[in-house]
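A.B. asks: This is the structure I want to talk about, given as structure tokens.
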Amino acid sequence: MRRFKAGIALTLVLLLIFVAGCQSVGGLDVNKVLTDNLSVKSGESKQSLKLEIVPSDGKLSQEDQKMIDLLNSISLTIDSAKVQDPSNVSLKGTLNIEKKALPFHISIDEKEMLFWVDGAKKPISIDLSAAQAAGAGLNTKISNENAIKAVTDLYGFIFKHAPNPETISVSSVTDSVYGESLPLTKLHVEIRGDELVGLVKTFLTSVSKDEQGLKELINTLYDVYYPVYEELNAELGDANSGFGTEESVMKDKETATLYFYNQLKEALDKLLADYDKDVNQLFEQSPELKEVLSKETVLKLDIFVDSKLRVRKQNMDLNIQLPKVDGLPIKQIKVHSASENWNVNEPVTIDKVDTKNGVFAVNENTMDSINGIKILNNFDRNSESYHMLREDMKLGQQFIVLDIPQSKNVNSSTPSPKLMNNTTFVPLRYVSEQLEANVSWNAKTKEVTIVDDLTGSKIVLKSGSKQGLVNNAVHKMTQPVTIIKGSTYVPIRFVAESLEATVNFNREEGIITIERH
Numbered sequence: 001m002r003r004f005k006a007g008i009a010l011t012l013v014l015l016l017i018f019v020a021g022c023q024s025v026g027g028l029d030v031n032k033v034l035t036d037n038l039s040v041k042s043g044e045s046k047q048s049l050k051l052e053i054v055p056s057d058g059k060l061s062q063e064d065q066k067m068i069d070l071l072n073s074i075s076l077t078i079d080s081a082k083v084q085d086p087s088n089v090s091l092k093g094t095l096n097i098e099k100k101a102l103p104f105h106i107s108i109d110e111k112e113m114l115f116w117v118d119g120a121k122k123p124i125s126i127d128l129s130a131a132q133a134a135g136a137g138l139n140t141k142i143s144n145e146n147a148i149k150a151v152t153d154l155y156g157f158i159f160k161h162a163p164n165p166e167t168i169s170v171s172s173v174t175d176s177v178y179g180e181s182l183p184l185t186k187l188h189v190e191i192r193g194d195e196l197v198g199l200v201k202t203f204l205t206s207v208s209k210d211e212q213g214l215k216e217l218i219n220t221l222y223d224v225y226y227p228v229y230e231e232l233n234a235e236l237g238d239a240n241s242g243f244g245t246e247e248s249v250m251k252d253k254e255t256a257t258l259y260f261y262n263q264l265k266e267a268l269d270k271l272l273a274d275y276d277k278d279v280n281q282l283f284e285q286s287p288e289l290k291e292v293l294s295k296e297t298v299l300k301l302d303i304f305v306d307s308k309l310r311v312r313k314q315n316m317d318l319n320i321q322l323p324k325v326d327g328l329p330i331k332q333i334k335v336h337s338a339s340e341n342w343n344v345n346e347p348v349t350i351d352k353v354d355t356k357n358g359v360f361a362v363n364e365n366t367m368d369s370i371n372g373i374k375i376l377n378n379f380d381r382n383s384e385s386y387h388m389l390r391e392d393m394k395l396g397q398q399f400i401v402l403d404i405p406q407s408k409n410v411n412s413s414t415p416s417p418k419l420m421n422n423t424t425f426v427p428l429r430y431v432s433e434q435l436e437a438n439v440s441w442n443a444k445t446k447e448v449t450i451v452d453d454l455t456g457s458k459i460v461l462k463s464g465s466k467q468g469l470v471n472n473a474v475h476k477m478t479q480p481v482t483i484i485k486g487s488t489y490v491p492i493r494f495v496a497e498s499l500e501a502t503v504n505f506n507r508e509e510g511i512i513t514i515e516r517h
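Residue numbers (full-length UniProt numbering): 1 to 517.
Now the structure itself:
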């Protein structure tokens, strides 16, 4: 199983590399199209993503079928994605799971990320300034422009050397983008799994021969990242003595470029010298990988480009063939995505999440106090989100283990379960607080009040009484509330069921479990 998972990961990486790079086709400069679109600074788009799991031919267990049905029910639709600039982004869309539609809204700026999902009383606010503060010790900052240039140059280099797959074509079409009919150039690409090994070899061979291109790329990365390295080096001081030769090499750009070029060139030549032999050996050791990298694994991609070489529309279908492995209930994974882009590099203003009712803050000051119940309490109990978090994702699930009392001795000094009158009593405060309920004691009336954070229930009990109030309704207990050495004890089933928990006695192991889903 582990080897076959590694095969899937490798397949995806290789597919992504070669969908990113194609040489000029039918007069369309594909490299320029892809490189230019890396530097898009603003725009609007809509996107969709759908997953399909194809079950294996054998009989499935009920659990496997349930898992496949769940995964096949998942789809994501983003109706509006807006990029104002690299630091300001918003998304509005819907996540669909098991016929449940969950609208959501996300907005991000330099200070915080706001996330709202249907049913939430307040949007979740994640403080992003803490991440900036983490690097506050460094005065050097990589600007967005420099970072974008480095990424653009890196991918431009990859695009330049990535070979064309067998199936690639260009045609002129008229298609709709955001309701507007446009003349577009359609690039159609298909990449099969059994092509990838050869494509990788061609790519690496081309890279190894491009001395000038490699040195220019190393120069770019040096200009962007060396100032950060230098400042870190200065902060570490004597503790950084382990850098040795590398430290002296890094000080001079020309020397560093030559050093890293030689290291990379040597590694590439060594890899290519034994490439075919190593690939064959890998397939022999991992025959599952060869099944994944078969002709049944196919990526189909349509990219629609306007007259300014801007990508306006994309459709992607990916099929990954899985090997026949014992215990694996699926044989194929299929992914379909589609997107449209408009207002490319035009002025765009993001849609900020509404915070008029306040926010559910997540930062370094609140992190320790946040738990599953507090998150659940931020949602309407009748909403789909609440039911999914509590019932499907088991958020707020609680579990208490107690020892079964072995005798009628109630004189123990520890607040553990007691057996009295053939009834198991438990310490009320301990059990309630383990279930995140708040307990208060009124010495004058000898009443104890429990307020449950999860269910909102209020329970009032009085010492010596068999009656208790649960949300103002009278409930009778089998035995009265009892005070033992200053601790309040109640029958276990009453307190558990009042807090919507279940009780299980495992007499073989001598334990009691109280569980709340």
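We treat Cβ as the ideally placed atom computed from N, Cα and C, and that holds for glycine.
Given the structure is predicted, the values throughout are model-derived calculations rather than measurements.
May I have the straight-line CA-CA distance separating residue 4 from residue 292, to the nearest angstrom?
C.D. replies: For the purposes of this step, residue 4 is taken as residue 4 along the sequence shown, with counting starting at 1. For the purposes of this step, residue 292 is taken as residue 292 along the sequence shown, with counting starting at 1. Residue confidence for residue 4 is low, a pLDDT of 39 falling below 50, so the modelled location carries little weight and cannot support an answer.
A.B. asks: Relative to the C-alpha of residue 268, which candidate in 204, 210, 387 has its C-alpha closest?
C.D. replies: Numbered from its first residue, the sequence shown carries residue 268 at position 268. Nearest option by C-alpha distance: 204.
A.B. asks: Helix, strand or coil for residue 383, going by three-state DSSP, please let me know.
C.D. replies: Here the question's residue 383 lines up with position 383 in the sequence shown. Reduced to three states, the DSSP call for residue 383 is coil.
A.B. asks: For residue 223, I'd like the list of residues in its chain whose CB is within less than 7 Å of its CB, leaving aside the five on either flank, ordered along the chain.
C.D. replies: Taking the first residue of the sequence shown as 1, we reach residue 223 at position 223. Correct list: empty, nothing qualifies.
A.B. asks: Just how far apart, CA to CA, sit residue 175 and residue 79?
C.D. replies: As a working note, residue 175 is residue 175 in the sequence shown. As a working note, residue 79 is residue 79 in the sequence shown. Near 19 Å, if we compare the C-alpha coordinates of residue 79 and residue 175.
A.B. asks: Applying the 10 Å Cβ sphere with the 16-neighbour rule, what's the burial state of residue 179?
C.D. replies: Along the sequence shown, read from residue 1 onward, the residue named residue 179 stands at position 179. Result: exposed.
A.B. asks: Taking residue 197 as the reference, which of 265, 295, 477, 219 has the closest Cα?
C.D. replies: As a working note, residue 197 is residue 197 in the sequence shown. The option with the nearest alpha carbon to residue 197 is 295.
A.B. asks: Using the Cα positions of residue 340 and residue 37, report the straight-line distance between them to the nearest angstrom.
C.D. replies: To locate residue 340, count along the sequence shown from 1; it is residue 340. To locate residue 37, count along the sequence shown from 1; it is residue 37. Rounded to whole angstroms, residue 340 to residue 37 spans 13 Å at the Cα level.
A.B. asks: With three or more beta-carbon pairs closer than 8 Å as the criterion, would you say the region 143-159 touches the region 183-190?
C.D. replies: No, because fewer than three Cβ pairs between the region 143-159 and the region 183-190 fall closer than 8 Å, the two stretches do not touch.
A.B. asks: Put residue 456 into one of helix, strand or coil per three-state DSSP.
C.D. replies: In the sequence shown, residue 456 corresponds to position 456, counting from 1. In the structure shown, residue 456 sits in coil (DSSP, three-state: anything other than H, G, I, E or B).
A.B. asks: List the endpoints of the continuous beta strand (DSSP E) containing residue 363.
C.D. replies: Taking the first residue of the sequence shown as position 1, residue 363 is located at position 363. Taken as a continuous stretch (DSSP letters only), residue 363 belongs to no beta strand (DSSP E), as it is neither H nor E.
A.B. asks: Look at the alpha carbon of residue 72 and the alpha carbon of residue 52, and state the distance between them as a whole number of angstroms.
C.D. replies: The residue labelled residue 72 in the question sits at position 72 within the sequence shown. The residue labelled residue 52 in the question sits at position 52 within the sequence shown. Their backbone Cα atoms lie some 5 Å apart in a straight line.
A.B. asks: Using DSSP's beta-bridge definition, name the partner residues of residue 55.
C.D. replies: Counting from 1 along the sequence shown, the entry for residue 55 is found at position 55. 330, per the DSSP bridge assignment.
A.B. asks: Could you name the residues that DSSP lists as bridge partners for residue 89?
C.D. replies: Translated into the one-based positions of the sequence shown, residue 89 becomes position 89. 83, 108.
A.B. asks: With DSSP as the reference, label residue 443 as helix, strand or coil.
C.D. replies: By 1-based counting over the sequence shown, the position of residue 443 is 443. Note: residue 443 maps to coil in three-state DSSP.
A.B. asks: Rounded to the nearest angstrom, how far is the Cβ of residue 520 from that of residue 189, given a contact under 8 Å?
C.D. replies: Since the first residue of the chain shown is 1 and the last is 517, residue 520 is not available in this structure.
A.B. asks: Relative to the C-alpha of residue 150, which residue among 113, 429, 219 is closest?
C.D. replies: Position 150 of the sequence shown, counting from 1, holds the residue named residue 150. Minimum Cα distance to residue 150 is reached at 219.
A.B. asks: Grab me the residues of residue 433's own chain with a C-beta within less than 7 Å of its C-beta, minus the 5 sequence neighbours each way, in chain order.
C.D. replies: As a working mapping, residue 433 is identified with position 433 in the sequence shown. Within the same chain, residue 433 has close Cβ partners 439.
A.B. asks: For the beta strand (DSSP E) holding residue 174, just list the boundary residues, first then last.
C.D. replies: Counted from its first residue, the sequence shown places residue 174 at position 174. First-last of the beta strand (DSSP E) with residue 174: 167-177.
A.B. asks: Does the distance from the CB of residue 385 to the CB of residue 102 come in under 8 Å?
C.D. replies: Working through the sequence shown from its first residue, we reach residue 385 at position 385. Working through the sequence shown from its first residue, we reach residue 102 at position 102. Yes, the Cβ-Cβ distance between residue 385 and residue 102 is below 8 Å.
A.B. asks: For the candidate residues 77, 286, 108, whose alpha-carbon lies nearest to that of residue 353?
C.D. replies: Numbered from 1 along the sequence shown, position 353 holds the residue referred to as residue 353. The option with the nearest alpha carbon to residue 353 is 108.
A.B. asks: Between the C-alpha atoms of residue 116 and residue 376, what's the straight-line distance to the nearest angstrom?
C.D. replies: Residue 116 sits at position 116 when you count from the first residue of the sequence shown. Residue 376 sits at position 376 when you count from the first residue of the sequence shown. Rounded to the nearest angstrom, the two C-alpha atoms are 14 Å apart.
A.B. asks: Helix, strand or coil, according to DSSP, for residue 393 in the structure here?
C.D. replies: On the sequence shown, position 393 is the one that residue 393 refers to. It is coil, neither helix nor strand.
A.B. asks: State the DSSP-derived secondary structure class of residue 467, mapped to helix, strand or coil.
C.D. replies: Indexing the sequence shown from 1 puts residue 467 at position 467. Note: residue 467 maps to strand in three-state DSSP.
A.B. asks: Do you know offhand how far residue 69's Cα is from residue 323's?
C.D. replies: Along the sequence shown, read from residue 1 onward, the residue named residue 69 stands at position 69. Along the sequence shown, read from residue 1 onward, the residue named residue 323 stands at position 323. Each residue's Cα considered, the two are about 21 Å apart.
A.B. asks: For a test of the three-state rule: what should DSSP assign to residue 181, helix, strand or coil?
C.D. replies: Taking the sequence shown and counting its residues from 1, one reaches residue 181 at position 181. Strand.
A.B. asks: Between residue 399 and residue 513, is the Cβ-Cβ spacing less than 8 Å?
C.D. replies: If you number the sequence shown from 1, residue 399 lands on position 399. If you number the sequence shown from 1, residue 513 lands on position 513. Yes. Within cutoff.
A.B. asks: Give me the DSSP bridge partner(s) of residue 350.
C.D. replies: Taking the sequence shown and counting its residues from 1, the one referred to as residue 350 is at position 350. None, per the DSSP bridge assignment.
A.B. asks: Provide the residue(s) that pair with residue 302 in DSSP beta bridges, ordered along the chain.
C.D. replies: Within the sequence shown, residue 302 is the residue found at index 302, counting from 1. BP columns for residue 302 point to 188, 315.
A.B. asks: Give me the Cβ distance between residue 187 and residue 328, rounded to the nearest whole Å; I'm assuming they're in contact under 8 Å.
C.D. replies: If you number the sequence shown from 1, residue 187 lands on position 187. If you number the sequence shown from 1, residue 328 lands on position 328. No, residue 187 and residue 328 are not in contact; Cβ-Cβ is about 35 Å, not under 8 Å.
A.B. asks: According to DSSP, simplified to helix, strand and coil, what is residue 119?
C.D. replies: Numbered from its first residue, the sequence shown carries residue 119 at position 119. Residue 119: coil per DSSP, three-state reduction.
A.B. asks: Any idea if residue 271 is buried or exposed, counting beta-carbon neighbours within 10 angstroms, 16 or more meaning buried?
C.D. replies: Taking the first residue of the sequence shown as 1, we reach residue 271 at position 271. Under this definition residue 271 is an exposed residue.
A.B. asks: From the DSSP output, which residues share a beta bridge with residue 516?
C.D. replies: The residue you call residue 516 lines up with position 516 of the sequence shown. Residue 516 is bridged to 398.
A.B. asks: Taking residue 494 as the reference, which of 251, 468, 390, 430 has the closest Cα?
C.D. replies: The sequence position of residue 494 within the sequence shown is 494, counting from 1. Measuring from the Cα of residue 494, the nearest candidate turns out to be 468.
A.B. asks: Buried or exposed, going by whether 16 or more other CB atoms sit within 10 Å of the CB of residue 93?
C.D. replies: Sequence index remark: in the sequence shown, residue 93 carries index 93 (1-based). Answer is buried; the Cβ neighbour count reaches 16.
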